[in-house]
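Enquirer: Following this message is one structure expressed as C-alpha cells.
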Amino acid sequence: MSLSDRILKSIQHNHLINSADKILIGVSGGGDSVALLHVLNRLQTQIGFQIHVGHINHHLRESADNDQRFVEKLCRTLNVSCTSLSLDLHKKIKQGGSVEEIARTARFKALIKIAKKNHIHAVALGHHQDDLAETVLLRILRGTGLQGLQAILPLRKIDSMVFIRPLLDVRRADIEVFLKKNKIKYRSDPTNQQMHFFRNKIRHQLLPYLKRHYQKNIEQVLANLALTSGEDYEYLRQQALKIFPTLAKKNRTKLSISLVKFQTWPVALKRMILRLAIENVTGHLRSLTLTHLLELEDLISHRPAGAIVDLPHGLAVKKTKTEIIFG
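If you're matching positions, the sequence shown starts at 60 in the working numbering and goes up one per residue.
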C-alpha cells in the first residue's frame with residue numbers, strides 16, 4: 060500500500076477530514092511535514108478539501124530563515140497558499156524552563172492564530188508512529204497515567220482548534236522511502252542530533268537499545284499501548300461525563316461537588332470527576348499531575364472542613380462539611 064493510500068485510510072478511519080474542509084498544514088521544512096504536504100496536496104481533489112500551509116519561524120537556530128524561504132518556495136512551486144509567522148522566544152527562554160516546551164507551546168498558539176484568521180477547520184501536523192513511540196516512552200520515564208499514555212492522538216482539540224495527525228500509522232522509514240522515491244527535497248534539523256535534549260536521547264539511544272536487545276517491534280508495541288490506553292481513558296471519561304451533572308453545581312465564580320455522592324464511586328471514576336471539575340473551571344488540564352489529584356483525595360478523605368488545596372493556574376479547592384468547592 061502506498062503512503063498516500065495509508066494516509067487516506069487513516070483520514071477515513073479516524074474521521075480527520077471532511078469534504079469542503081479547509082486544512083492548515085504545519086510545515087517546518089523537515090521531511091515529515093514536507094511529505095504530509097505533498098500527500099495532502101494530492102488528496103485534496105480526491106476528498107474535496109482545501110489546504111493552506113503555516114510555517115513558524117522561532118529564530119532559535121542559524122538555519123531558521125533558510126527553512127522559512129525553503130517552505131515558501133515549495134508552496135509557490137505547488138501553488139499552495141502559505142502564511143509564515145516569526146516568533147521571538149528569547150525573553151521567555153531567559154525566564155527559565157524547557158526550550159522544547161516553550162517553542163512547542165508558542166508554535167501551537169501561532170498555528171491557531173493563522174487558522175482562525177483564515178477560517179480553517181483543522182490543523183494537520185506531521186507526527187508519525189516513531190514520534191508516538193518516543194512520546195509514550197518519554198512519559199513512562201517521567202511518570203504518567205492513562206491520559207499521558209495516549210501520548211499523541213490522531214484528532215485532538217486544543218484551545219477550541221482541532222489538530223489532526225494523518226501520519227500516526229506511518230513509520231519514519233516509510234516516509235524516508237517516499238521522499239527518496241519521489242526525489243522530494245526537505246530540510247534537516249541539526250538539533251535532532253543534539254543529545255542534551257531528552258527526546259533525542261530516547262530516539263537515538265534508548266529506543267535502538269530496546270529494539271536491539273529486547274523487542275524488535277518496540278515502536279509498534281508502544282503505539283499499541285497508546286491506542287489501548289486512549290480507548291480505556293475515553294471510556295472512563297464518558298462514564299464520568301454521565302455522572303458529573305448529578306454531583307456538580309456551578310455558578311459564575313465556583314463549582315461545587317457533593318461529598319456524599321462523590322464518595323460512592325470507584326477511585327478511577329473519582330479521579331476523572333476531579334479532572335472534569337478542574338477542566339470545567341479553568342478550561343484546561345495543563346500542569347495538573349497525579350500529585351495534585353492525590354492531594355485532593357487526601358483533602359476529601361482526611362482533612363477537616365475549611366482545609367484548602369492550591370492547584371496550578373490560581374485554582375483553589377476548599378472542603379466544607381458537605382461539599383468540595385473549586386474556585
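We put the beta carbon where it would ideally sit given N, CA and C, even for glycine.
1. To the nearest angstrom, how far is it from the Cα of V236 to the Cα of Y294?
2. Report the three-state DSSP secondary structure of S145 (helix, strand or coil).
3. Tell me, to the nearest whole angstrom, how far the beta carbon of L62 is from that of V229; I am working on the premise that it is less than 8 Å.
4. Indicate whether the contact test is met: 3 or more Cβ pairs, each with one atom in the segment 180-195 and one in the segment 218-225, closer than 8 Å.
5. Less than 8 Å between the CB atoms is what I'm expecting for L284 and L208, so what's the real figure, rounded?
6. Helix, strand or coil, according to DSSP, for L227 in the structure here?
7. Exposed or buried, M331, counting other C-beta atoms within 10 Å across all chains shown (16 or more means buried)?
8. Is there a C-beta anywhere in chain B that falls below 8 Å from the one on K81?
9. Bridge partners of G85, per DSSP?
10. My output table needs one value for V368: the three-state DSSP class, helix, strand or coil.
11. Do the segment 75-93 and the segment 103-117 make contact, defined as three or more Cβ pairs closer than 8 Å?
12. Taking contact to mean 3 or more Cβ pairs, one atom from each stretch, closer than 8 Å, check whether the segment 332-339 and the segment 308-322 are in contact.
13. Leaving out five residues before and five after L370 in sequence, what residues of the same chain have Cβ atoms less than 6 Å from its Cβ?
14. Need the endpoints of the alpha helix (DSSP H) that F108 sits in, please.
15. Which residue wins for smallest C-alpha separation from C141, given the options Q279, N100 and K244?
16. If we count Cβ pairs, one from each stretch, closer than 8 Å, do we get three or more for the segment 186-206 versus the segment 257-271?
17. State the DSSP-derived secondary structure class of L119, mapped to helix, strand or coil.
18. On the DSSP letters alone, give me the boundaries of the beta strand (DSSP E) that A210 sits inside.
19. From the DSSP output, in three-state form, read off A79 for me.
20. For the segment 277-292 against the segment 125-134, do three or more pairs of beta-carbon atoms, one drawn from each stretch, fall closer than 8 Å, so that the two count as touching?
21. Report the residue from G204, H149 and S69 whose alpha carbon sits nearest the alpha carbon of H117.
22. Whose C-alpha, out of I115, V158, L119 and Q103, is nearest the C-alpha of N138?
23. What are the boundary residues of the beta strand (DSSP E) that V182 is part of?
24. For P304, I'd like the list of residues in its chain whose CB is within less than 7 Å of its CB, leaving aside the five on either flank, ordered along the chain.
25. Within the continuous beta strand (DSSP E) that includes K68, where are the two ends?
26. On a CA-only basis, which of N77, S92 and A79 is nearest Y245? Give me that one, please.
27. What's the C-alpha gap between S69 and K216?
28. Quick check on DSSP: helix, strand or coil for K378?
29. Confirm, please, whether the CB-CB distance from I76 to A192 is below 8 Å.
30. Exposed or buried, I234, counting other C-beta atoms within 10 Å across all chains shown (16 or more means buried)?
Expert: A quick look at the data gives this:
1. The alpha-carbon of V236 is positioned some 37 Å away from that of Y294.
2. The answer is strand: DSSP assigns S145 an E or B state.
3. Rounded, the Cβ-Cβ distance is 7 Å, consistent with contact.
4. These segments touch.
5. Yes, L284 and L208 are in contact; Cβ-Cβ is about 6 Å, under 8 Å.
6. Looking at L227 - three-state DSSP - the assignment turns out to be coil, as it is neither helix nor strand.
7. Buried, since its Cβ has 16 or more Cβ neighbours within 10 Å.
8. The chain inventory of the structure shown lacks chain B, comprising one protein chain alone.
9. DSSP, once it has assigned bridges, lists G113 as partnering G85.
10. Strand, per DSSP.
11. Proximity of the segment 75-93 to the segment 103-117 meets the contact definition, three or more beta-carbon pairs being nearer than 8 Å.
12. Contact check between the segment 332-339 and the segment 308-322: three or more CB pairs, one atom from each, fall below 8 Å, which counts as touching.
13. Cβ neighbours of L370 beyond the five flanking positions: H351.
14. Segment: none, F108 is in no alpha helix (DSSP H) and carries neither H nor E.
15. Out of Q279, N100 and K244, N100 has the C-alpha closest to the C-alpha of C141.
16. The answer is yes - the segment 257-271 touches the segment 186-206, with three or more Cβ pairs under 8 Å.
17. Of the three classes helix, strand and coil, the one that applies to L119 here is coil, per DSSP.
18. Note, A210: premise wrong, no beta strand (DSSP E); not H, not E.
19. Reduced to three states, the DSSP call for A79 is coil.
20. Output reads no: the segment 125-134 does not touch the segment 277-292.
21. Closest option to H117, Cα to Cα, is H149.
22. Of I115, V158, L119 and Q103, the residue nearest in Cα terms is Q103.
23. Per DSSP, the unbroken beta strand (DSSP E) holding V182 starts and ends at A181 to A183.
24. Setting aside the 5 residues that flank it on each side, P304 has no residue in the same chain whose C-beta is closer than 7 Å to its C-beta.
25. Careful: K68 lies outside any beta strand (DSSP E), inside the alpha helix (DSSP H) at L62 to H72.
26. Ranked by Cα distance from Y245, the first of N77, S92 and A79 is S92.
27. Answer to the nearest angstrom: the Cα atoms are 18 Å apart.
28. Secondary structure at K378: strand, using DSSP grouped into helix, strand and coil.
29. Pairing A192 with I76 gives a Cβ-Cβ distance that is not under 8 Å.
30. I234 is buried by the Cβ-count criterion.
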